[in-house]
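Student:
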Amino acid sequence: MTFSYYPGCTLKTKGKDLETYAIKSAEVLGVTMEELEDWQCCGAVYPMAKNEIATKLSSVRALVAARDKGQDLLTLCSACHHVIKRVNNDMANDQNVQLKANNYMALDVPYTGETTVIHYLEMLRDRVGFDNLKKAVVNPLKGVKIAAYYGCMLLRPSKTMAFDDAENPTIMEDFIKAIGATPVVYPYRNECCGGYVAMENNAYATKKCNTICTSAKEMGADMIITACPLCMYNLDANTTENNLPVLYFTQLLARALGVEEDAQ
Amino acid sequence: MSHNKETLREIVIETAGINPRKCMKCGKCSGACPAYDEMEYHPHQFVSMVEAGKIEELMNSEAIYMCLSCFACVERCPRGVEPASFIEAARLALIRQSGKNHLKAEEIPAKLNDKLPQQAIVSAFRKYSK
Ligand code: SF4
Ligand code: SF4
Chain A
303 MTFSYYPGCT LKTKGKDLET YAIKSAEVLG VTMEELEDWQ CCGAVYPMAK
353 NEIATKLSSV RALVAARDKG QDLLTLCSAC HHVIKRVNND MANDQNVQLK
403 ANNYMALDVP YTGETTVIHY LEMLRDRVGF DNLKKAVVNP LKGVKIAAYY
453 GCMLLRPSKT MAFDDAENPT IMEDFIKAIG ATPVVYPYRN ECCGGYVAME
503 NNAYATKKCN TICTSAKEMG ADMIITACPL CMYNLDANTT ENNLPVLYFT
553 QLLARALGVE EDAQ
Chain B
13 MSHNKETLRE IVIETAGINP RKCMKCGKCS GACPAYDEME YHPHQFVSMV
63 EAGKIEELMN SEAIYMCLSC FACVERCPRG VEPASFIEAA RLALIRQSGK
113 NHLKAEEIPA KLNDKLPQQA IVSAFRKYSK
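The listed protein sequences derive, respectively, from chains A and B. First residue of the first sequence? That's 303 in the numbering used here, and the numbers climb one at a time after it. First residue of the second sequence? That's 13 in the numbering used here, and the numbers climb one at a time after it.
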C-alpha cells in the first residue's frame with residue numbers, strides 16, 4: 303500500500319517524533335509513505351472566510367500533486383489534515399473557490415477535489431484494519447491505561463471531516479485496544495486545548511488543559527495520546543495541575559510493533 | 013443604518029458566506045462554546061449583532077481573539093449558521109486594514125521557547141495578522 307504523504311512544517315522540526323514513529327510503524331504494516339516533493343506549509347488553520355483564496359493554495363498544490371501521482375493523500379498532523387481536507391471540500395463544492403484557485407494556478411488539468419485525503423488513524427482503521435494491526439503487535443501494552451485526546455481538528459465539523467462521531471468518537475479507543483492497552487474514556491477528550499491562544503495567553507490555554515488533564519486523571523489514565531503537536535505542547539508545557547505524560551499515538555504504535563528503538 | 017455601517021455588514025456577511033437570519037436563537041452554540049467565559053460577546057450574539065449591523069462593536073471586542081476556532085458551535089448549531097465564521101469575518105474586517113494586526117512579527121522572538129511548535133506560530137499569525 304503506497305500513499306502520497308504530506309508531513310507539514312512541525313513534523314520536520316518540533317514534532318519529529320510524531321513522524322519518525324509513524325514511518326517506522328508503517329513499514330512494519332506494509333504501508334509506504336511517499337513524501338510529496340516541494341510541499342508547502344498548509345497554514346495550520348483553515349481559512350474560513352469565503353473570500354479568502356490565496357491561503358488555500360498550498361493545500362490545493364498538495365492535493366494536485368497526489369492526484370497527479372494517482373495516490374491518496376496521507377496526513378498525520380491533525381491540523382494539516384483538517385486544513386487540507388476542508389480545502390479539498392471547497393475545491394469540490396465551492397464554485398467560487400474552485401474557479402479562482404484554478405484560474406490562478408492554470409493547471410494542465412483543472413482540479414476539482416478528486417483526491418482522497420486520509421489521516422494516519424483512518425488508514426489504520428480503514429485500510430490496514432485494527433484486526434490486522436492487532437495481529438502485527440509483538441509487544442502488547444497490557445495494563446496501560448490510555449486516555450485518547452481527540453481535540454477539535456480531526457472531528458469538527460463532522461459534515462466535512464467525516465472522521466468519526468464528533469460527540470462520541472471511538473477510533474482512538476479502538477486503536478488503543480488494538481495495541482493491547484486499555485482505553486480510558488473521559489468527558490473532555492474532544493474539548494479544545496486552547497490551540498493558538500498559547501502564543502499570547504498562556505494562562506487561558508492552561509485553564510483549558512488543566513480541565514482536560516484533571517478529567518483524564520480522575521478517570522484513571524496513566525497517560526494521554528494525541529495526533530497534534532500543538533495539543534501536545536499545550537497538554538505538556540501549559541498544564542499545571544494533574545499533569546500526565548503526553549505521547550504521540552505513533553510512539554505507542556511503534557512500541558507495540560517492536561520498532562520504538564529503531565525509530566530513535 | 014448609515015451607508016458605512018450597511019457596507020460593513022454586507023462585507024462581514026459575504027466573508028462568512030452565511031445568512032444570519034437562519035439563526036433561530038436557541039443558544040446551543042454558546043452552550044457548547046469553551047471560550048464562553050472569556051468573551052464579552054458570545055457566539056449567538058455575534059450572529060444577532062451581525063444581523064443588526066453592529067459590526068464595529070464586534071471588531072473592537074476582545075472576543076474576536078478569544079474564540080479558539082474549535083468548531084463546537086458549528087458542530088452543534090441545528091441551523092447550519094456557523095457562529096465561528098462570523099467571528100472570523102469580524103476579525104478579518106479589522107485586521108485586513110493596514111496597521112491593524114493583532115500579532116506583530118517583532119513580538120515573536122520574545123515568545124519563543126524550546127518546546128513551542130512551529131504550528132503555534134503559524135496558526136496564531138494566520139488568525140491574528142494579515
Ligand atoms: S469556534 Fe469559537 S465561538 Fe465557536 S465554540 Fe469554539 S471557541 Fe466558541
Ligand atoms: S446554535 Fe445556531 S441557531 Fe442556535 S443560536 Fe447558535 S447560531 Fe443560532
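From the three backbone atoms N, C-alpha and C, an ideal C-beta is built for every residue, glycine too.
Taking 8 Å as the threshold, find out whether the segment 403 to 417 of chain A comes into contact with the segment 557 to 564 of chain A through three or more Cβ pairs.
Tutor: Result no; under three Cβ-Cβ pairs closer than 8 Å.
Student: In terms of alpha-carbon separation, which member of A:T414, A:H421, A:E493 and A:G415 lies closest to Y452 of chain A?
Tutor: In the first sequence, residue 452 of chain A corresponds to position 150, counting from 1. It is A:E493.
Student: For E321 of chain A and P309 of chain A, I'd like the C-alpha separation in whole angstroms.
Tutor: In the first sequence, residue 321 of chain A corresponds to position 19, counting from 1. In the first sequence, residue 309 of chain A corresponds to position 7, counting from 1. Their backbone Cα atoms lie some 7 Å apart in a straight line.
Student: Mind checking the segment 19 to 40 of chain B against chain A and listing, in chain order, the residues whose C-beta falls within less than 8 Å of any C-beta there?
Tutor: Result list: E26, T27, A28 and G29.
Student: Would you mind telling me which residues of chain B sit closer than 9 Å to R458 of chain A, beta carbon to beta carbon, in chain order?
Tutor: Counted from its first residue, the first sequence places residue 458 of chain A at position 156. The contacting residues are C82, F83, A84, V86 and E87.
Student: Between the segment 333 to 341 of chain A and the segment 362 to 374 of chain A, do at least 3 Cβ pairs fall closer than 8 Å?
Tutor: The segment 333 to 341 of chain A vs the segment 362 to 374 of chain A: in contact.
Student: How would you list, in chain order, the residues of chain A whose beta-carbon sits under 8 Å from the beta-carbon of R91 of chain B?
Tutor: Along the second sequence, read from residue 1 onward, the residue named residue 91 of chain B stands at position 79. Within chain A, no residue comes near R91 of chain B; the closest Cβ sits about 13 Å away, beyond 8 Å.
Student: Return helix, strand or coil for I325 of chain A, following the three-state DSSP convention.
Tutor: Working through the first sequence from its first residue, we reach residue 325 of chain A at position 23. Of the three classes helix, strand and coil, the one that applies to I325 of chain A here is helix, per DSSP.
Student: So, at 7 Å on beta carbons, what are the nonlocal neighbours of C511 of chain A in its own chain, with the 5 sequence-adjacent residues on each side left out?
Tutor: Taking the first residue of the first sequence as 1, we reach residue 511 of chain A at position 209. C495, G496, N536, L537, N540 and T541.
Student: If we ignore side chains and look at the alpha-carbon of each, how far apart do Y490 of chain A and N16 of chain B end up?
Tutor: Your numbering for residue 490 of chain A matches position 188 in the first sequence. Your numbering for residue 16 of chain B matches position 4 in the second sequence. If I take the Cα positions, the gap works out to 43 Å.
Student: Against chain A, with Cβ distances strictly below 9 Å, would Y77 of chain B count as a contact?
Tutor: Residue 77 of chain B sits at position 65 when you count from the first residue of the second sequence. With 9 Å as the cut-off, Y77 of chain B counts as an interface residue toward chain A.
Student: Mind checking who P485 of chain A pairs with in its DSSP beta bridge?
Tutor: Here residue 485 of chain A corresponds to residue number 183 of the first sequence, with the count starting at 1. BP columns for P485 of chain A point to A:I448.
Student: Would you mind sorting N391 of chain A into buried or exposed? The rule is 16 or more other CB atoms within 10 Å of its CB.
Tutor: Position 89 of the first sequence, counting from 1, holds the residue named residue 391 of chain A. With 16 or more Cβ atoms within 10 Å of its Cβ, N391 of chain A is classed as buried.
Student: How far does the beta strand (DSSP E) with I527 of chain A in it extend, from its first residue to its last?
Tutor: On the first sequence, position 225 is the one that residue 527 of chain A refers to. From DSSP, the beta strand (DSSP E) with I527 of chain A extends over M525 to T528.
Student: Report the option in A:C454, A:Q566 and A:V548 whose CA atom is closest to the CA atom of L45 of chain B.
Tutor: Locating residue 45 of chain B in the second sequence gives position 33, counting from the first residue. Per the sequence shown, the amino acid found at residue 45 of chain B is Cys instead of Leu. That would be A:C454, whose Cα lies nearest to the Cα of C45 of chain B.
Student: For chain B, check one thing: does any of its Cβ atoms lie closer than 9 Å to the Cβ of T484 of chain A?
Tutor: Within the first sequence, numbered from 1, the residue matching residue 484 of chain A stands at position 182. It does not: the Cβ of T484 of chain A has no partner Cβ on chain B nearer than 9 Å.
Student: Taking buried to mean at least 16 other C-beta atoms within 10 Å of its own C-beta, is Q130 of chain B buried or exposed?
Tutor: Locating residue 130 of chain B in the second sequence gives position 118, where the first residue counts as 1. Q130 of chain B comes out buried.
Student: Alpha carbon to alpha carbon, how far is A368 of chain A from S327 of chain A? Give it in angstroms, no decimals.
Tutor: Within the first sequence, numbered from 1, the residue matching residue 327 of chain A stands at position 25. Within the first sequence, numbered from 1, the residue matching residue 368 of chain A stands at position 66. Taking the straight line from one Cα to the other gives about 22 Å.
Student: Taking 8 Å as the cut-off, is the beta-carbon of R88 of chain B closer than that to any non-hydrogen atom of ligand 2?
Tutor: For the purposes of this step, residue 88 of chain B is taken as residue 76 along the second sequence, with counting starting at 1. The answer is yes for R88 of chain B.
Student: Would the beta-carbon of T516 of chain A fall within 9 Å of that of E543 of chain A?
Tutor: Residue mapping note: residue 516 of chain A aligns to position 214 of the first sequence, counting from 1. Residue mapping note: residue 543 of chain A aligns to position 241 of the first sequence, counting from 1. Going by C-beta atoms, T516 of chain A is nearer than 9 Å to E543 of chain A.
Student: Identify which residue in A:R388, A:H383, A:S460 and A:K437 has its Cα closest to the Cα of R88 of chain B.
Tutor: The residue labelled residue 88 of chain B in the question sits at position 76 within the second sequence. For the residues A:R388, A:H383, A:S460 and A:K437, the minimum Cα distance to R88 of chain B belongs to A:S460.
Student: Alpha helix (DSSP H) containing F305 of chain A: first to last residue?
Tutor: Within the first sequence, the letter at position 3 stands for residue 305 of chain A. Unbroken run through F305 of chain A is the beta strand (DSSP E), T304 to Y308; no alpha helix (DSSP H).
Student: Against L128 of chain B, what residues of chain A qualify as contacts under a CB-to-CB distance less than 9 Å, listed in chain order?
Tutor: By 1-based counting over the second sequence, the position of residue 128 of chain B is 116. Simply K316, A500, M501, Y535 and A539.
Student: Taking just the CA atoms, how far does I355 of chain A sit from K402 of chain A?
Tutor: Residue 402 of chain A sits at position 100 when you count from the first residue of the first sequence. Residue 355 of chain A sits at position 53 when you count from the first residue of the first sequence. Spanning the two alpha carbons is a distance of roughly 7 Å.
Student: Can you tell which of A:V487, A:A480 and A:A483 has the C-alpha that lies nearest to the C-alpha of P471 of chain A?
Tutor: In the first sequence, residue 471 of chain A corresponds to position 169, counting from 1. Of the candidates A:V487, A:A480 and A:A483, the one whose C-alpha sits nearest the C-alpha of P471 of chain A is A:V487.
Student: Interface residues of chain A around A132 of chain B at Cβ under 7 Å?
Tutor: Here the question's residue 132 of chain B lines up with position 120 in the second sequence. Going along chain A in sequence order, the residues near A132 of chain B (Cβ under 7 Å) are Y498, A500, M501, L532 and Y535.
Student: Give the residues of chain A in contact with P95 of chain B, contact being defined as C-beta atoms less than 7 Å apart.
Tutor: Position 83 of the second sequence, counted from the start, is the residue given in the question as residue 95 of chain B. Within chain A, no residue comes near P95 of chain B; the closest Cβ sits about 11 Å away, beyond 7 Å.
Student: In chain B, which residues lie less than 9 Å from E493 of chain A when you measure between Cβ atoms?
Tutor: As a position in the first sequence, residue 493 of chain A is number 191, starting the count at 1. Simply P46, C82 and A84.
Student: Taking the Cβ atom as the reference point for each residue, do F432 of chain A and K479 of chain A lie within a distance shorter than 9 Å?
Tutor: In the first sequence, counting from the first residue as 1, residue 432 of chain A sits at position 130. In the first sequence, counting from the first residue as 1, residue 479 of chain A sits at position 177. Cβ distance < 9 Å, so F432 of chain A and K479 of chain A count as in contact.
Student: Provide the residue(s) that pair with M335 of chain A in DSSP beta bridges, ordered along the chain.
Tutor: Stepping through the first sequence from its first residue, residue 335 of chain A is reached at position 33. A:F305, per the DSSP bridge assignment.
Student: Taking only heavy atoms of ligand 3 into account, decide whether any of them is closer than 8 Å to the Cβ of I99 of chain B.
Tutor: Looking at this structure, you won't find ligand 3 anywhere; what it does contain is ligand 1 and ligand 2.
Student: Please check if any C-beta of chain A sits within less than 9 Å of the C-beta of E63 of chain B.
Tutor: Residue 63 of chain B sits at position 51 when you count from the first residue of the second sequence. With 9 Å as the cut-off, E63 of chain B does not count as an interface residue toward chain A.
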